[in-house]
Amino acid sequence: MQTETTYDEARERRFPEQVAIVIAKDAQGKYNPIAVSWTMMTSHEPPLMAISIGKTRYSLEAVRLAKEFVISLPSAAMQGDVVFHGTKSGRDMDKLAACGTKTQPAVKIDCVILADAVANFECKLVSEHETGDHFIFVGEVVASHMNEAASVRRLYTLGNEQMGGVLPG
Ligand SMILES: Cc1cc2nc3c(=O)[nH]c(=O)nc-3n(C[C@H](O)[C@H](O)[C@H](O)COP(=O)(O)O)c2cc1C
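Oh and the sequence shown: position 21 is 20 in numbering that gives the first Met the number 0, straight run, nothing missing.
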């Protein structure tokens, strides 16, 4: 049985929710990361992935300017990186350096991938769609990377400011 409630109350039941870190080169030439829960695969052929970025985010300008970005799926050990990149703005600092997030060069775009992530996807911007107070950016995956260790757990948000690692079945 269901009981009708508010949108705000019902959406608290969505956890666990995925989280990614999206990275794009900004106007100053630094690679700026942002924590993003709103991301999905949206086509197999061609391989397309989408991210939803709020209109107030510094990352919005970076993604538009660079026209390319990395979607990185953080591991459980990266909880501190997710909180940092999800609460600080690249307007004020070099977030990757300040947080000490480990990076490797991307191979097909001018960006970095995250060394301790479960997987990384390099994307070229294909289109942009306004959705209320966010913009959805669709990118074509041009290179993919995975952690050498299959046992690394992917990080999920659990609600009530908790996070935890999950392994595939
Ligand atoms: C777990 C988590 C998930 C988030 N998901 C999104 C998201 O999907 N889209 C978004 O625009 N901001 C999201 N945010 C907020 C941004 O990460 C946050 O505003 C960040 O400081 C923006 O950085 P920037 O100003 O350098 O772009 C999320 C934050 C956290 C902690």
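Ideal Cβ placement from N, Cα and C applies to all residues, glycine included.
Fair warning: this is a prediction, and the values are worked out from it, not measured in the lab.
Within the stretch 19-90, the complete alpha helix (DSSP H) runs of at least 4 residues fall at 57-65, 78-84. With a threshold of 16 other beta carbon atoms within 10 Å, Gly99 falls short and is exposed. Ser74 is positioned such that its CB atom lies closer than 8 Å to that of Arg152. Our two residues, Cys122 and Asp132, have alpha carbons roughly 23 Å apart in a direct line.
For Ala142, the enclosing beta strand (DSSP E) starts and ends at 133-145.
Here the alpha carbon of Arg90 sits roughly 47 Å from the alpha carbon of Met0. By the C-beta density criterion, Tyr6 is exposed, having fewer than 16 other C-beta atoms within 10 angstroms. Set against 7 Å, the gap from the CB of Ser51 to the closest heavy atom of ligand 1 is smaller.
When DSSP states are grouped into helix, strand and coil, Glu11 belongs to the helix group.
When the five nearest sequence neighbours on each side are left out, the beta carbons in the same chain lying within less than 6 Å of the beta carbon of Ser88 are those of Tyr57, in order along the chain. Beyond the five residues adjoining it in sequence on each side, Ala114 comes within less than 8 Å, by CB distance, of Lys101, Thr102, Gln103 in the same chain, given in chain order. Within the same chain, and ignoring the five residues on either side of Val21 in sequence, the residues whose Cβ sits closer than 6 Å to its Cβ are Ile33, Val35, Ile50, Phe68, Ile70.
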